[in-house]
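As structure tokens, the structure follows; a few thoughts come after it.
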Amino acid sequence: RSNSVTAELLTELVNTFGSERVLTEPEDLYVYSYDGAFGIRHQKLPVAILRLKSDEEEKTLKQVSEKYGVRIVRDEWYRKELGDDELPILFVDTKPSIDLDTLIERLGELERDRAERRQALRLIKPLPQWYVSSLRAKDGYRIGERDARDKGYCVVQPFFDGVETYSSKGRLLLSRGLLSGELEASERLVDSLFSCTACGQCYDQLGREELEINNAIIRARHEISKAGKGPGVCRITLRNIHEEGNPMGMPAEDRTIWWEDVEGKFPYSGNDVLYWPGCTTAYRLPGVVEATVKVFDKAELDFGVLGVRERCCGLLLYLNGQWDEARESANRLCHELKEAGVKQLVTNCAGCYYTFSRVYPILGMQPSFSVIHTSQAMEGLIDQNRLHLRKLKRKYIWHDPCDLGRHSKVFEAPRNVLRSIPELKLEEPPLNREHTICCGAGGGLWMYDSDLSERVARSKLEDDIRPLGVDGIVTGCPACILSLRNMASSVLPEVEILDLSEVVSSCL
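In terms of my numbering, the sequence shown is residues 4 to 511.
Here you go:
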């Protein structure tokens, strides 16, 4: 088939259906040439992908295919013998994005399957351990059993009209193609990989926690960064952290401008605990700093703050693929905190907690101090009877931040704190704990594409939160608070968005 005929075909498709419905970029063709859940089978490369909207368009497509002798394949094409003929392939994508209801149903099925398999495994203990281990592995690794039409749930994909290149499956394939040298760091590939929140919901639905697709995407971002092709906002973030010690580029001396009295009253000088607000909390949520300090002071905890001496943990450098810079930052910060005699660091920032506890070891750094989240600290203080909380007649949900929950497995501590407040009713959304839907601010998306981030937040509030009829959302991540507050003002103005410390301090 000559290139001229193919060019004529593509021109007619674009003129007939519109350029936004005809995908011809190499990255799109690469992604759609793989089928099966998360692309486990490779098929013939199509010449284009067409996204149809109506039955009438189906009739038009049939006429075009007959005119040019095109083989039309659809969702079930992996079952067909495509052969070695020279007919060009036109892939018609009619697969809908997975919505929340479908995801809830799927996860319910997965939990039931897990329970059944655990029961079955209890009955085969006399069998050899290698056989039991094999069954366990197959029980968890469900990719081969899943519907081959599955793109993999992704919170941002619906905002790209469901195009598979922007699904979790698509990003995994692009990452693999980039790392294998099959693809280059093109503008479309970079856009797909950086429009990810790194929330991890895509690997969560597989029922195998160690299959962290978000880390594969971040690894691909590292290759992009090494090639000097990362988004401009990444270079700005790096410069801000180097020059001012925070990703926003706010003056370092203004870190405590809204809570100077706290810095003056509780300076860190070898205390038992270093309270670490983190950049976003320090600059944009001073009320959370004050609430946390009030709680710790009431419990007579021996703590202090670094104030203007505190610097960025470097999470965004890692997420943006700037690993050498992230490693250098981590090394310097760990050394400074060790020299300061820090024994335990407590932070209300889920991102900082994740960075110190999980990212630093990935970068080859092991902090000399322990790290806990404020929810864990407050849970301990309540258990020790150092905090006595008054009743609060409100109905709240706990929103699990991705970095604290799915990535770090801290689920029960914040819930236990809320349950300890008399008359407070704790609700759970259908998707909670490791299944919680992202707020849209993670993975550096808020800085890369704030509009997309806001649309994800709006979707969460409208689809996930509104039906619950709660008085407020409580969480433990400043990015989640700002993202949800920003959209709640217009979507759910009656719903409070609060840090856990703000709830606890109001009950003292």
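We put the beta carbon where it would ideally sit given N, CA and C, even for glycine.
Exercise. Skipping 5 residues on each side, what residues in its chain have a beta carbon closer than 6 angstroms to that of V50?
Worked result: T9, P91
Problem set entry | Short Cβ contact (8 angstroms threshold) for A329 with L336 | Their beta carbons are not under 8 angstroms apart, which means A329 does not touch L336 by this criterion.
Exercise. Looking at L455 and S198, is the spacing between their C-beta atoms short of 8 angstroms?
Worked result: yes
Problem set entry | Pick from M253, P289, L53 that is closest to D164, judged by C-alpha positions | L53
For this session: Measure the Cβ-Cβ separation of M368 and N334 and say whether it is below 8 angstroms.
Result: yes
Problem set entry | alpha helix (DSSP H) segments (min. 4 residues) lying fully within the segment 293-325 | Within the segment 293-325, the complete alpha helix (DSSP H) runs of at least 4 residues are 318-322.
Exercise. In angstroms, rounded to a whole number, what distance separates the CA positions of D502 and V166?
Worked result: 35 angstroms
For this session: Please report the residue range of the alpha helix (DSSP H) in which F20 lies.
Result: 6-20
Problem set entry | Coil, strand or helix - E430 by DSSP | The answer is strand: DSSP assigns E430 an E or B state.
Exercise. Distance, Cα to Cα, T295 vs L55?
Worked result: 53 angstroms
Problem set entry | Cβ neighbours of R393 in the same chain (closer than 6 angstroms, five flanking residues each side left out) | C510
For this session: Can you grab the Cα-Cα spacing for the pair H225 / E187, in whole Å?
Result: C-alpha separation (whole angstroms): 13 angstroms.
For this session: State the Cα-Cα distance for the pair E415 and I239, rounded to the nearest angstrom.
Result: Straight-line Cα distance between these residues: approximately 37 angstroms.
For this session: Determine the extent of the beta strand (DSSP E) in which V276 is found, giving its start and end residues.
Result: 276-279
Exercise. When you compare each of R397, E505, G317, G231 to P425 by their alpha carbons, which one comes out closest?
Worked result: R397
Exercise. Secondary structure at R238, three-state DSSP: helix, strand or coil?
Worked result: If DSSP states are grouped into helix, strand and coil, R238 belongs with the helices.
Exercise. Going by beta carbon distance, what residues of the same chain come within less than 6 angstroms of A230, once the five residues before and after it are set aside?
Worked result: A188
Exercise. Taking A302 as the reference, which of V276, E313, P280 has the closest Cα?
Worked result: A302 has its Cα closest to that of V276, out of V276, E313, P280.
Exercise. For V506, which residues does DSSP report across the bridge?
Worked result: Its beta-bridge partners do not exist; DSSP assigns none.
Problem set entry | the segment 484-493 / the segment 456-471 touching (three or more Cβ pairs under 8 angstroms) | yes
Exercise. For E247, which residues from the same chain have a beta carbon less than 7 angstroms from its beta carbon, with the 5 sequence-adjacent residues on both sides left out?
Worked result: Same-chain partners within the cutoff: M253, P254, A255.
Exercise. At least one CB of chain D closer than 8 angstroms to the CB of A219: is that the case?
Worked result: Absent from the structure: chain D. Only one protein chain is present.
Exercise. Using CA coordinates, which residue listed in C483, S411, V95, I220 is at the minimum distance from L288?
Worked result: When each option's Cα is compared against that of L288, the closest is C483.
For this session: Measure the C-alpha to C-alpha separation of D403 and F20 and round it to an integer number of angstroms.
Result: 42 angstroms
Exercise. In whole angstroms, what separates the C-alpha of G267 from that of I260?
Worked result: 12 angstroms
Exercise. Taking the Cβ atom as the reference point for each residue, do L384 and Y399 lie within a distance shorter than 8 angstroms?
Worked result: no
Exercise. Which of helix, strand or coil does DSSP assign to D150?
Worked result: Unreliable positioning characterises D150 in this predicted model, as indicated by a pLDDT of 43, which lies under 50. The coordinate reading is nonetheless provided below. Residue state, collapsed to three classes: coil.
Exercise. So, do the segment 430-443 and the segment 313-327 have three or more beta carbon pairs nearer to each other than 8 angstroms?
Worked result: no
Problem set entry | G233 versus A353, E263, V193, residue with shortest Cα-Cα distance | V193
Exercise. Using the C-alpha atoms, what's the distance from E293 back to D262?
Worked result: Per the sequence presented here, residue 262 reads as Trp, with Asp not at that position. Between the alpha carbons of W262 and E293 lies a distance of about 7 angstroms.
Exercise. Span of the beta strand (DSSP E) holding I52?
Worked result: 51-53
For this session: Quick one: residues in its chain with C-beta nearer than 6 angstroms to the C-beta of G173, no 5 flanking neighbours on either side, listed in chain order?
Result: V34, E167
Exercise. Does the separation of the CB atoms of G324 and I221 fall below 8 angstroms?
Worked result: Result yes, Cβ atoms of G324 and I221 sit closer than 8 angstroms.
Exercise. For the segment 473-507, which segments carrying the beta strand (DSSP E) assignment without a break, of at least 3 residues, lie completely within its bounds, in sequence order?
Worked result: 475-478, 499-502
Problem set entry | Endpoints, alpha helix (DSSP H) assigned at W449 | 448-451
Problem set entry | Limits of the unbroken beta strand (DSSP E) element including T350 | Element bounds for T350: 347-350.
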